[in-house]
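Just so you know, the working numbering puts the end of the sequence shown at 455, numbered straight through with nothing missing. Each remark here refers to the structure printed beneath this line.
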Amino acid sequence: MNELNRRNFLRVAGAASAGTLLGARLHALAAVQNEPARPVSANDNIQIALIGAGGQGQFDTKVAVQVPGVKLVAVADCYNGRLDHSKEIWGTDTFTTRDYGEILARKDIDAVIIGTPDHWHKQASVDAMKAGKDVYCEKPMIHLYADGPAMIETAHSTGRILQIGSQRVSSVIYAKAKELLAAGAIGQLNMVTARWDRNSATGAWSYTVPPDASTETCDWPRFLGTAPKIPFNAEHFFQWRKWKAYGSGVAGDLFVHLFSGTHFITGSNGPTRGMATGALRFWKDGRDVPDVMLGLFDYREGFNLSLRVNFVDGGEESEGLIFTGSEGTMEIAGNSVSVNRVPREKEPGLMIETFPEAMQKLILEDYRKKYPRPHPEGEPPVGYEKYVAPDGYVDSYDHFRNFFEAVRSRKPVVEDAVFGYRAAGAALLSNLSIDRGTIVHWDPDAMKLA
Ligand SMILES: NC(=O)c1ccc[n+]([C@@H]2O[C@H](COP(=O)([O-])OP(=O)(O)OC[C@H]3O[C@@H](n4cnc5c(N)ncnc54)[C@H](O)[C@@H]3O)[C@@H](O)[C@H]2O)c1
């Protein structure tokens, strides 16, 4: 183990007790996720509210309240069933409403988590910041390009904290990957390939519509917001990702995580141009977005990014990123990051088999004078290292801890509005490219379509 590893990481015990497995070196990543609740006085609590209490909003809030000194007091949602369930989870004294304006008007709420569909992210965030609340807004930060500048400007002018919810940016795995890349573990980065494949109905966003869904139980006009006015449609309400009016397709749902991870690890502001192809291949259930999408992106830092989402995949759900450099590859998969170091050939090599034997001998003797063998024959030039997060590691916890530390200290968060716009703006280039049938240019510094 080199100095870098020894300082920050523990060896894995148990099955790979010697720290080796078929020549691989395994390391356990350190993470502190069970902090002893430090004494917090009642008025030192951060009081939060949830806006949009569906799948991710409920998950986020369950994680957020595990951070010491954080208390949920109110929930806003457009479906009665989710307000009822919020009381079941967080207690009957939880204030619930369909109108998030009532939450923003309360002085006892410091921060809000926004887990609405994408088309509400900008408005809910801007309203909350203008009402003096700090905001944790789910990814993708934007639904439309115009959302980005509005959210950045409001965070700036109000001085509120805005954290975007691509939680991998706070993961110990991604932090390790960033450190490894910067330390030259794979040499010079030249390509990133990333994928997110799914083969199930729920993976393809066919979420359950509850039997009581109606205009009585669902606040349809509020759900629609600025989306085109159409009669109540329960599938649109509960499976909104399938329609551009509310979601951003696989690009906004999944590419954005891969962009956030790539930008965090490489330190890049984003691609300068992108092109994508995609189509609706299998889930022809009325949706208006592709279920297969492939995107290609150029980075000024000297690498290319290739992304894939495939909901028609015949295998298991799989998500991962592979960073390919001049001296090896680094892969993020599941709860680990591994490096396969393949030092670059220092010799030009020989192709001499087709020449007469005497000439082969001559060339070889001459070659060995110029390039004496650095290692004894047979020594493997490969170095494989794997870093594994602790069992049950939850990156969202670290993302919320980062957010609440910023709420207390007023120091910047790890994923502010600028980072969030650069990731989501890059992701949505794919949709634009497919719509226009062209390569799309983007200025990642100015965050403008070129
Ligand atoms: N970070 C992640 O890994 C991750 C994972 C899943 C989802 N998400 C994001 O979280 C967001 C929500 O996704 P989801 O799967 O939880 O969707 P969902 O449909 O399960 O929940 C959305 C909820 O928002 C409510 N809502 C809609 N408009 C509202 C409004 N104006 N005011 C209050 N509530 C409103 C709906 O009634 C619904 O209950 C999306 O932006 C999605 O991209 C992030």
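Backbone N, C-alpha and C define an ideal beta-carbon position, used for all residues, glycine too. Note that the coordinates shown come from a computational prediction; the quantities given were computed from them, not determined experimentally.
Using a 10 angstroms sphere on the CB of Gly333, the tally of other CB atoms reaches 16 or more, which defines it as buried. In the DSSP assignment, the residues bridged to Val344 are Met335, Glu390. In this structure Met356 is exposed. Its beta-carbon is surrounded by fewer than 16 other beta-carbon atoms within 10 angstroms.
C-alpha of Ala69 to C-alpha of Ala54: approximately 11 Å in a straight line. Looking only at Glu306, Asp293, Phe287, Asp258, the smallest Cα-Cα distance to Gly272 is reached by Glu306. DSSP places Asn407 within a helical segment (H, G or I) once states are collapsed to three. By a beta-carbon distance limit of 8 Å, Gly164 does not contact Glu143. Their separation comes to about 22 Å. Taking the Cα positions, Thr198 is about 42 Å away from Val78. Just so you know, the alpha carbons of His161 and Lys138 end up roughly 13 Å apart. Rounded to the nearest angstrom, the gap between the Cα atoms of Asp98 and Leu88 is 12 Å. Here the segment 307-327 makes contact with the segment 254-261; the two share three or more CB pairs at distances below 8 Å. The C-alpha of Asn85 is placed about 14 Å away from the C-alpha of Ile94.
When secondary structure is reduced to three states using DSSP, Thr66 falls in the helix class. Closest option to Val80, judged by alpha-carbon separation, among Gly106, Gln71, Val72, Gly74: Gly106. Distance check between His262 and each of Thr159, Tyr179, Ala116 places Tyr179 closest, using alpha-carbon atoms only. Burial of Ile147 is indicated by the presence of at least 16 other C-beta atoms within 10 angstroms of its C-beta. Judged by DSSP in its simplified three-state form, Asp303 adopts strand.
A direct Cα-to-Cα measurement between Pro295 and Tyr150 gives close to 20 Å.
For Asp202, the enclosing beta strand (DSSP E) begins and ends at 194-202.
The closest CA to that of Ala284, considering only Gly291, Phe302, Met298, Ile51, is found on Met298. One thing to note: Gly275 has its Cβ no nearer than 8 Å to the Cβ of Gly397. Taking C-beta atoms as the reference points, Ile444 and Arg203 fail to come closer than 8 Å.
Ranked by Cα distance from Asp132, the first of Ser438, Tyr426, Val117, Glu184 is Val117.
Positions of the alpha helix (DSSP H) runs, each at least 4 residues long and wholly inside the segment 81-105, are given as 85-95 in order along the chain. A heavy atom of ligand 1 is found nearer than 7 Å to the CB of Gly60.
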